[in-house]
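Protein chains: 4
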Amino acid sequence: MSYDLTWNQYGKAEVRVVHVDRSGPLHAVRDLNVTTALRGDFGPAYTDGDNARVLTTDAQKNTVFGLARETGVGEPEEFALALARQLLAASPHADVARVVVEQFPWTALGGGGHAFSRAGSHVVVAELELPRGGQPQLSGGVDELVVLKTTDSEYHGFLRERFTTLAETHERILATQVTARWRYAEGAADGADHAAVKAGALAALLEAFAGHRSLALQQTLHAMGTAVLDARPELAEVRLSLPNKHHFLQDLSRFGLDNPDAVYHADDRPYGLIEGTITRR
Amino acid sequence: MSYDLTWNQYGKAEVRVVHVDRSGPLHAVRDLNVTTALRGDFGPAYTDGDNARVLTTDAQKNTVFGLARETGVGEPEEFALALARQLLAASPHADVARVVVEQFPWTALGGGGHAFSRAGSHVVVAELELPRGGQPQLSGGVDELVVLKTTDSEYHGFLRERFTTLAETHERILATQVTARWRYAEGAADGADHAAVKAGALAALLEAFAGHRSLALQQTLHAMGTAVLDARPELAEVRLSLPNKHHFLQDLSRFGLDNPDAVYHADDRPYGLIEGTITRR
Amino acid sequence: MSYDLTWNQYGKAEVRVVHVDRSGPLHAVRDLNVTTALRGDFGPAYTDGDNARVLTTDAQKNTVFGLARETGVGEPEEFALALARQLLAASPHADVARVVVEQFPWTALGGGGHAFSRAGSHVVVAELELPRGGQPQLSGGVDELVVLKTTDSEYHGFLRERFTTLAETHERILATQVTARWRYAEGAADGADHAAVKAGALAALLEAFAGHRSLALQQTLHAMGTAVLDARPELAEVRLSLPNKHHFLQDLSRFGLDNPDAVYHADDRPYGLIEGTITRR
Amino acid sequence: MSYDLTWNQYGKAEVRVVHVDRSGPLHAVRDLNVTTALRGDFGPAYTDGDNARVLTTDAQKNTVFGLARETGVGEPEEFALALARQLLAASPHADVARVVVEQFPWTALGGGGHAFSRAGSHVVVAELELPRGGQPQLSGGVDELVVLKTTDSEYHGFLRERFTTLAETHERILATQVTARWRYAEGAADGADHAAVKAGALAALLEAFAGHRSLALQQTLHAMGTAVLDARPELAEVRLSLPNKHHFLQDLSRFGLDNPDAVYHADDRPYGLIEGTITRR
């Protein structure tokens, strides 16, 4: 045949496993959405439907549940590493195991029971690729972290050409939904204090957003990324994707009203999308 | 013609207005999704396309933004009432104005700025119907309040017939996403301390969920509803809609593993849906 | 206690059952999302957690799958009726069984196999309430039927007041996402040719939308509703909910360009929402 | 500073532009969702909030609307190319312009008007990267193309280990939601008959899915990809991402019923996810 299978990956997506550790005074809940995948020498399944080398996606799902019982579920980064090792062991033709774990955060309620409510709108993420016989490539991160500031945001001095009609502003609402990934430095993933890394990275993101005077969302992105790298020496790189959730000051003069930075319309689409990667030298 | 227009309603849905009060030491943000509608003697628009009686939906949207400036935005219940009065005044053929306000909650971040992050996954709601010359019908409520408890939930003693194969359980995860509406008693809406009503109702819902030993989600619903009525004498009725977000204990015996209430699968569909209305006598 | 349980309903929502009839030359696929619920004398479950009268939601789910095998799945209206009868038979304390069936339409592909692709974005719906010993209340309908017309839509002559700034137009894009429910007349549900009713109602909706010159979306709603009643004598009433999916003509004069009804922005929110019920006399 | 901005990209996402060509007997509607982005020497905006080099995302949005008027909107691939050239011309510090166009398909309704309904659930996509002074990198594709076959799908002969408990099957429902991208060969993008390429690629995908006897979804992916390359010599590579939308045959034996490939449960999560790239040699 004149075609090649130049890339392949298969696995089970979105295994919704919840683990309860009942050993302490307050039950510990890990509420996870786990995706696993394998890459490797699986050509015969694609070209001929020969599945002899294939660890089924059903077995990958079973591995998630079985391992959650066998090893427990501590930090998602560690669970991802244990999963990836088990998947490579069970699948001789796989070269790389990929595991993505989304964790939904919960806050304990008072009231005498072991009850919880969802804490915030965000999801905490761990992404791992483990090559057979190689070093784990690990990133942590956060999705859907929605933040807004009502002042300390300006936008002016931009290039002007035929299609540029935007007014300059020295006061605007700045709002975004943070997607961040922080990559561990070579060799730093194994044995790291992942809970501390996440707490530090999240705090750095929020502090930089809140404390920074913004002349552009690009600048805010850069400030947030460098704050994460400042906070955690284990990390080598931060990628950020920041939609500019536009809040447009409404012109109320048609109704005989002023609008001194008081009433805005929160628009849906289109939105600016600012992205960047900050790397430690 | 042999057909009648037996019901009509029209308006503007989902006006995303954000109001910032910059007068205090910390800016106060009201982030709202406002829907307005009118019912009344609008037959000619439907039967003949005669719009002479129609306050356009565009004007209704403008009214939301204009009123936000003119009256400010305090509690959503009060803003809804001001809006409904203005809409009836501007639309002589309307008999009833309906206003629904969803409020997205924000939490102040530290860091020296006026910055905020989304607080929780839930939305707080006010629903108002104002008949011309009549009393306002007002309900508050909450949507998408996600809660979970890891113990104090049982399920047994149910009816058994041909299609009943469910095992009884004395220990399960109970999780739901609360939709609640609390209706004010006749005459109690105007002048009520709406912030205190909401805080009290939300606290009562969460405390009842957490503190209650559940023999059925129906019973938990009843406990949550009565707790709200116990907490706030202004309220006459509570409606609750509680999906049973099933967490199924996994059978790991095929892999030689036990599962002493540790590893669950959080399923999506189908889900139980338990609903009920509790009314003060 | 000083509170009453004044309304209750419980059941299983969104059972995704797919039935394949392999008896003909082309396999017949019914792809359904079934929701069942019971109302009745279930107070003890709510007040005391006494489940002795409760047909579990798990059993309701099993009934859906079991009945799909036992009776087959023909028209969703008939399946809903069989389900409701079975649920009432199995649940002595229920007064009313409610069944909602959403059907996802598929179109056969050529190519020699029994293969299908999703036909359109819409979902066809049947809603049934069956009181014990009473007549079935049946409605058919459609959700998410997205339509657009590029001409024959005007909007002018509306009321003007302080907040009305909308320009009149004699040419605009009219787009909506139809939600329709057609209620069968008393006694007409049982034995009706439901496939013909649905085909006739859908064709009437689309023909009225396409063929009608619109002076207001209200008028288009009325034309669509009466067309359905004209088409099918079995039907007593049509309810329609039509969001006005605004397409705003863009002002390009800032860039030295005209815009003779050529370039539009399809906005998301807010949107007009026009609703109405047309009833046969 | 000890950090580098190692990658950057910014632009306007999801500009919902609708273009109507009224010159023919039936109006031609192009309903697009356009995302633009620039990469290049924009460091000062990130590090210092110096926006002097920045073509604002607002101007990028305006360019989309202005160009739609100036050049018209023909095939999305050509519109993307015109957009990318204009963006590079307007932004001297950009090295690469990226444009993604999603097109929502519409079908003309009868009835005498210029009316349309949404055709299918899928979206047709064009993705372009244009380096300054270089060759355009162009891919077409489709998202959310939902297909299902009721026979000619088997799954057996897979690897077995501790966590493999899946039963083999010689008859199952195979369903997926196709995401495909077909990359044009070097030099083939400019001047190609894009409408013919898309029609040919879509037909090839559907014919291969329908006509193919599947021993694994991997094999079906390979058959679909090679069919696209067979059909269109302009294309060098096809990437496919195929979720396995599981339809589980229900065990009804607990209710005394058999189930000869008749009644299935369409599950949501988890799902298999099979991916691969087929490249012409």
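Chains as they are written, first to last, in our numbering: chain A, 1 to 281; chain B, 1 to 281; chain C, 1 to 281; chain D, 1 to 281. For glycine and all other residues, C-beta sits at the position ideal for the given N, C-alpha and C. None of these values were measured; they are calculated from a predicted model.
Pairing Thr279 of chain A with Ala90 of chain D, the inter-Cα distance amounts to about 29 Å. According to DSSP, residue pairing for Ile274 of chain D in a beta bridge involves A:Tyr10, D:Leu242. Straight through space, the alpha carbons of Val99 of chain A and Phe158 of chain D are spaced by roughly 22 Å. In terms of CA proximity to Arg22 of chain A, A:Ala115 leads the group A:Arg269, A:Ala115, A:His122. Annotation for Leu130 of chain D: Ala84, Ala97, Pro136 place their beta carbon closer than 6 Å to its own, counting only its chain and skipping 5 residues before and after. For Thr176 of chain C and Val123 of chain D, the gap between their C-alpha atoms comes out near 19 Å. Per DSSP, Thr179 of chain D lies in no alpha helix (DSSP H); the unbroken beta strand (DSSP E) holding it starts and ends at 174-184.
Pairing Leu252 of chain C with Phe65 of chain D gives a Cβ-Cβ distance under 8 Å. Using a CB distance cut-off of 8 Å, His114 of chain A counts as an interface residue toward chain B. Among the residues of chain B, those whose CB is under 8 Å from the CB of Arg254 of chain D are Thr165, following chain order.
The shortest C-alpha to C-alpha distance from Ala119 of chain B to any of B:Trp106, B:Glu127, B:Gly110, B:Tyr46 is the one to B:Trp106.
Non-local C-beta neighbours of Gln86 of chain C in its own chain, meaning closer than 8 Å and more than five positions away in sequence, comprise Thr63, Leu67, ordered along the chain. Contacts with chain B at 8 Å (Cβ-Cβ) do not include Asp193 of chain D.
In this structure, Ala13 of chain B places its C-beta atom within 8 Å of the C-beta atom of Tyr271 of chain C. Listed by position along chain C, the residues whose Cβ is nearer than 8 Å to that of Asp261 of chain D are Val20, Arg22. Note that the region 205-218 of chain C does not touch the region 260-269 of chain C; fewer than 3 beta-carbon pairs, one per stretch, sit closer than 8 Å. In the structure shown, His19 of chain D falls within a strand segment according to DSSP collapsed to helix, strand and coil. Among the residues facing chain A, Thr151 of chain B is included, as its CB has a counterpart in that chain under 8 Å away. Within the region 72-101 of chain C, no residue has its Cβ closer than 7 Å to any Cβ of chain D. Under the DSSP assignment, His222 of chain A falls in the alpha helix (DSSP H) whose first and last residues are 217-231. Using a Cβ-Cβ cut-off of 8 Å, Asp268 of chain D counts as an interface residue toward chain B, since at least one Cβ of chain B sits closer than that to its own.
Legend: CB atoms of the region 46-71 of chain A lying less than 8 Å from CB atoms of chain B belong to residues Asn62, Phe65, Gly66, Ala68, Arg69, Glu70. Interface flag for Phe209 of chain A against chain D is unset, since no Cβ pair is found closer than 8 Å. In terms of beta-carbon proximity, Lys245 of chain A stays away from the interface with chain D, with every pair separated by 8 Å or more.
Beta-bridge pairing by DSSP links Asp143 of chain C to C:Val123.
Within the region 72-113 of chain D, the runs of alpha helix (DSSP H) that reach at least 4 residues and sit entirely inside it are, in chain order, 76-90. Within chain D, the residues Phe255 have their CB atoms less than 7 Å from the CB of Arg162 of chain B, given in chain order. Residues of chain A whose Cβ lies closer than 8 Å to the Cβ of His222 of chain D are, in chain order, Leu5, Tyr46, Thr47. The C-beta of Leu242 of chain A comes no closer than 8 Å to any C-beta of chain B. Relative to Leu138 of chain D, the option among D:His222, D:Val18, D:Asp190 whose CA is nearest is D:Asp190. For the C-beta of Val146 of chain B, the chain A residues within less than 7 Å are, from N- to C-terminus, Ser117, Arg118. If you ignore the 5 residues before and after Ala188 of chain A, its C-beta comes within less than 7 Å of the C-beta of Glu234, all in its own chain and listed in chain order. A residue is called buried when at least 16 other Cβ atoms come within 10 angstroms of its Cβ; Glu144 of chain A does not meet this threshold and is exposed. Taken through DSSP and simplified to helix, strand or coil, Gly43 of chain D comes out as helix. The beta carbon of Ser117 of chain A sits closer than 8 Å to those of Trp106, Thr107, Leu109, all from its chain and outside the five residues before and after it, given in chain order.
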